[in-house]
Ligand SMILES: [Zn+2]
Ligand SMILES: [Zn+2]
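Residue numbers (the numbering used here): 15 to 553.
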């Protein structure tokens with residue numbers, strides 16, 4: 015394959031090549047083909063042949079290229095529509111692991127082995143740890159529940175006075191249903207109303223057009239901590255909602271950024287509750303973060319803890335070993351006067367809207383729910399200079415906030431992070447939460463309860479394929495899930511053809527598939543016609 019850096023090529027050809035790459039990418043986009051495919055090795059156990067196969071970037075949840083993001087958004091919309099006004103109880107059956115899940119688990123095992131080797135060799139494992147974390151998420155998202163390793167550490171029990179109890183909210187007796195109430199109109203028609211709820215975080219200071227009027231007094235620290243712990247607050251809201259509703263409330267929710275950079279939540283809820291109750295639940299919901307203090311800076315600048323093998327991180331001046339994460343938590347538990355590091359609540363702005371199934375209103379809400387799904391939190395905002403400066407200050411505030419128990423920033427506050435290892439530097443945590451595109455929120459963008467539509471996104475994808483085939487009078491052949499064995503390929507593997515070649519191949523496949531579908535469609539219509547003719551003749 016020609017290489018643009020090959021000096022033997024004429025200059026004009028060399029200059030033209032990046033352009034060609036752009037064109038190929040453009041063509042791929044037009045055909046809805048993934049432009050960041052991941053090459054994998056695949057063994058066909060029926061033929062014993064290994065081959066290199068491209069899979070679309072990002073598994074169903076987190077696409078990295080625009081065509082995949084667009085496709086996923088449409089799948090999400092289908093999923094949202096399907097569950098919202100469900101009128102029959104979904105039946106939950108555990109699924110056979112499919113190809114993707116199998117591959118994810120195998121891949122995770124490989125990465126785990128690499129990580130353990132790296133750890134043994136004293137190398138930095140942060141990147142691999144992050145990858146494993148991401149894979150666990152993907153595995154869950156792919157429809158397998160729980161952690162592949164099972165629970166690794168026993169859950170800490172905290173003194174009862176710190177239990178985050180349901181506040182004083184009305185409580186209905188729990189009924190074993192996921193469906194909301196229906197209402198009968200005098201004309202006999204049944205209505206199945208559902209809710210569309212928007213929940214927002216509190217004010218951190220006055221803003222105009224998303225930008226603080228006074229950056230000096232705007233509470234960036236609170237904004238940062240709220241964003242970091244937002245997903246916990248959502249969990250609490252759902253718990254409280256179910257208690258009050260008295261049935262197993264199902265939801266489809268998306269987390270999206272506001273102009274002021276705070277995450278907020280849009281939630282389609284199956285069934286309905288009085289508006290006032292939703293507002294009451296939102297007002298009463300809170301989450302306490304029982305972490306050690308992170309306000310008093312102990313180590314800073316050049317004065318940083320030192321790593322010693324076998325001992326952990328030491329105070330550079332005294333040589334004293336810093337408290338470990340578990341010790342710090344024990345200390346916190348023992349202290350009756352301790353306060354949580356942070357308490358997060360929703361703001362006053364709660365929007366509740368009743369929606370009837372099948373109405374244009376419902377469609378509009380679904381579009382609204384998925385509006386920003388093709389973009390990351392930070393990307394959705396394209397304000398001017400003032401907003402960029404606001405974003406920079408926000409990212410700055412996030413820089414030294416501990417994002418999780420394993421965050422390197424704990425060293426700044428005199429505590430060894432959980433699973434501490436050599437090479438950790440406060441302010442350099444590589445977790446998603448600190449990055450500009452995530453704005454403190456590293457959780458999932460789409461939150462779907464288990465009994466929403468009774469299907470995972472992968473199943474919705476399969477559904478769509480089945481639907482197309484059925485519409486054409488064909489049925490999909492079941493694929494033997496045990497047929498293929500997948501393996502990752504090392505980066506830069508010489509057997510992988512250049513990207514443009516692979517993209518063009520995918521485009522060709524897509525074209526072939528389209529042509530085939532068109533042909534099937536024409537055939538099906540032809541059959542319909544002859545069927546009509548025959549009926550006509552018989553009559
Ligand atoms: Zn892609
Ligand atoms: Zn961090």
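C-beta: ideal position from N, C-alpha, C; glycine also.
For residue 429, write down the residues that DSSP places opposite it in a beta bridge.
One-based indexing of the chain shown puts residue 429 at position 415. Residue 429 is not bridged to any residue.
Could you tell me the alpha carbon to alpha carbon distance between residue 402 and residue 453, rounded to whole angstroms?
Translated into positions along the chain shown, residue 402 becomes position 388. Translated into positions along the chain shown, residue 453 becomes position 439. For residue 402 and residue 453, the distance between alpha carbons rounds to 12 Å.
On the DSSP letters alone, give me the boundaries of the alpha helix (DSSP H) that residue 263 sits inside.
Start at 1 with the first residue of the chain shown, and residue 263 comes out as number 249. Unbroken run through residue 263: none, as it is neither H nor E.
C-beta atoms of residue 216 and residue 249 nearer than 9 Å
In the chain shown, residue 216 corresponds to position 202, counting from 1. In the chain shown, residue 249 corresponds to position 235, counting from 1. Cβ distance not < 9 Å, so residue 216 and residue 249 don't count as in contact.
Excluding the 5 residues flanking residue 442 on each side, which residues of the same chain have their C-beta closer than 7 Å to its C-beta?
Taking the chain shown and counting its residues from 1, one reaches residue 442 at position 428. 422, listed in sequence order.
Does the Cβ-Cβ distance between residue 6 and residue 280 come in under 9 Å?
Any property of residue 6 remains undetermined from this structure, which presents the chain solely from 15 to 553.
Neighbourhood of residue 222 by C-beta distance below 8 Å, restricted to the same chain and skipping five residues each side:
Residue mapping note: residue 222 aligns to position 208 of the chain shown, counting from 1. Taken in chain order, the list of residues that qualify is empty.
Between the beta-carbon of residue 101 and the beta-carbon of residue 256, is there less than 9 Å?
Translated into positions along the chain shown, residue 101 becomes position 87. Translated into positions along the chain shown, residue 256 becomes position 242. No. Outside cutoff.
Closer than 8 Å to a non-hydrogen atom of ligand 1 - does that hold for the CB of residue 81?
Numbered from its first residue, the chain shown carries residue 81 at position 67. At least one heavy atom of ligand 1 is nearer than 8 Å to the Cβ of residue 81, so yes.
If you drop the 5 nearest sequence neighbours on each side, which residues of the same chain put their C-beta closer than 7 Å to that of residue 361?
If you number the chain shown from 1, residue 361 lands on position 347. Within the same chain, residue 361 has close Cβ partners 214, 215, 216, 217.
State yes or no: is the C-beta of residue 407 within less than 9 Å of the C-beta of residue 229?
One-based indexing of the chain shown puts residue 407 at position 393. One-based indexing of the chain shown puts residue 229 at position 215. Taking 9 Å as the Cβ cut-off, residue 407 and residue 229 qualify as a contacting pair.
Hey, out of 237, 392, 314, whose CA is closest to residue 270's CA?
The count along the chain shown starts at 1 and reaches residue 270 at position 256. Out of 237, 392, 314, 392 has the C-alpha closest to the C-alpha of residue 270.
For the segment 301-316 against the segment 421-436, are there 3 or more C-beta pairs whose distance is under 8 Å?
Counting C-beta pairs closer than 8 Å gives three or more between the segment 301-316 and the segment 421-436, which meets the contact rule.
Roughly how many whole angstroms lie between the Cα atoms of residue 138 and residue 320?
Counting from one through the chain shown, the residue named residue 138 turns up at place 124. Counting from one through the chain shown, the residue named residue 320 turns up at place 306. If you take the alpha carbons of residue 138 and residue 320, they lie about 16 Å apart.
When DSSP labels each residue in this structure, what does residue 66 get in the three-state scheme?
Within the chain shown, the letter at position 52 stands for residue 66. In the structure shown, the three-state DSSP call for residue 66 is strand.
Where residue 490 and residue 58 are concerned, what is the direct C-alpha to C-alpha distance, given to the nearest angstrom?
Numbered from 1 along the chain shown, position 476 holds the residue referred to as residue 490. Numbered from 1 along the chain shown, position 44 holds the residue referred to as residue 58. Here the model assigns residue 490 a pLDDT of 48, short of 50, so the residue's position is not dependable, and the following value carries that caveat. Distance between the alpha carbons of residue 490 and residue 58: 20 Å.
Please find out if some non-hydrogen atom of ligand 2 comes closer than 8 Å to the beta-carbon of residue 445.
Here residue 445 refers to the residue found at position 431 of the chain shown. Yes, Cβ of residue 445 sits closer than 8 Å to a heavy atom of ligand 2.
Does ligand 2 have even one heavy atom less than 8 Å from the beta-carbon of residue 434?
Mapped onto the chain shown, residue 434 falls at position 420. Incorrect: residue 434 has no Cβ contact closer than 8 Å to ligand 2.
Cα separation between residue 202 and residue 99?
Numbered from 1 along the chain shown, position 188 holds the residue referred to as residue 202. Numbered from 1 along the chain shown, position 85 holds the residue referred to as residue 99. Approximately 19 Å between the Cα atoms of the pair.
Tell me whether residue 49 sits in a helix, a strand or coil according to DSSP, three-state version.
In the chain shown, counting from the first residue as 1, residue 49 sits at position 35. Residue 49 falls in the coil class under three-state DSSP.
Residue 285 beta carbon less than 9 Å from that of residue 189:
Your numbering for residue 189 matches position 175 in the chain shown. Your numbering for residue 285 matches position 271 in the chain shown. When the beta-carbon positions are compared, residue 189 and residue 285 stay at least 9 Å from each other.
Neighbour-count burial assignment, residue 487, 16 or more Cβ in a 10 Å radius:
Counting from 1 along the chain shown, the entry for residue 487 is found at position 473. Note that residue 487 has pLDDT 49, beneath the 50 cutoff, so the model's placement of it is unreliable and the number below is only indicative. When all chains shown are included, residue 487 counts as exposed.
Contacting residues, own chain, Cβ-Cβ under 7 Å from residue 67 (five flanking each side not counted):
Looking up residue 67 in the chain shown gives position 53. The answer, listed in chain order, is 54, 56.
Which residues bound the beta strand (DSSP E) around residue 272?
Working through the chain shown from its first residue, we reach residue 272 at position 258. For residue 272, there is no enclosing beta strand (DSSP E), as DSSP marks it with neither H nor E.
Does DSSP put residue 205 in a helix, in a strand, or in coil?
Translated into positions along the chain shown, residue 205 becomes position 191. Three-state DSSP puts residue 205 in a strand.
Is the separation between the beta-carbon of residue 44 and that of residue 513 shorter than 9 Å?
Within the chain shown, residue 44 is the residue found at index 30, counting from 1. Within the chain shown, residue 513 is the residue found at index 499, counting from 1. For residue 44 and residue 513, no; Cβs fall outside 9 Å.
Any heavy atom of ligand 2 closer than 8 Å to the CB of residue 94?
For the purposes of this step, residue 94 is taken as residue 80 along the chain shown, with counting starting at 1. When distances are taken from the beta-carbon of residue 94 to the heavy atoms of ligand 2, even the shortest one reaches 8 Å or more.
Express the C-alpha separation of residue 507 and residue 95 in angstroms, rounding to a whole number.
Mapped onto the chain shown, residue 95 falls at position 81. Mapped onto the chain shown, residue 507 falls at position 493. Their backbone Cα atoms lie some 42 Å apart in a straight line.
Judging by CA-CA distance, which residue of 298, 302, 345, 459 is the nearest neighbour of residue 385?
Here residue 385 refers to the residue found at position 371 of the chain shown. Checked all of 298, 302, 345, 459; the closest Cα to residue 385 is 459.
Quick check on the DSSP output: what are the complete beta strand (DSSP E) runs of length 3 or more inside the segment 295-350, in order along the chain?
300-303, 320-322, 326-328
Hey, residue 224 and residue 397: beta-carbon distance below 9 Å or not?
If you number the chain shown from 1, residue 224 lands on position 210. If you number the chain shown from 1, residue 397 lands on position 383. Going by C-beta atoms, residue 224 is nearer than 9 Å to residue 397.
Could you check if residue 306 belongs to the surroundings of ligand 1, using beta carbon to heavy atom distance under 8 Å?
Position 292 of the chain shown, counted from the start, is the residue given in the question as residue 306. No, ligand 1 has no heavy atom inside 8 Å of this Cβ.
DSSP-derived helix/strand/coil call for residue 368
On the chain shown, residue 368 is found 354 positions in, with the first residue counted as 1. In the structure shown, residue 368 sits in a strand (DSSP, three-state: E or B).
Near residue 322, which residues of its chain fall below 6 Å by C-beta distance, leaving aside the five closest residues on each side in sequence?
Translated into the one-based positions of the chain shown, residue 322 becomes position 308. Once the five neighbours on either side are set aside, the close Cβ partners of residue 322 are 328.
With 16 as the cutoff for other CB atoms within 10 Å, does residue 530 come out buried or exposed?
What you label residue 530 is simply residue 516 of the chain shown in a count that begins at 1. Label assigned to residue 530: exposed.
In whole angstroms, what is the alpha-carbon distance linking residue 353 and residue 347?
Within the chain shown, numbered from 1, the residue matching residue 353 stands at position 339. Within the chain shown, numbered from 1, the residue matching residue 347 stands at position 333. Residue 353 and residue 347: Cα-Cα distance of roughly 10 Å.
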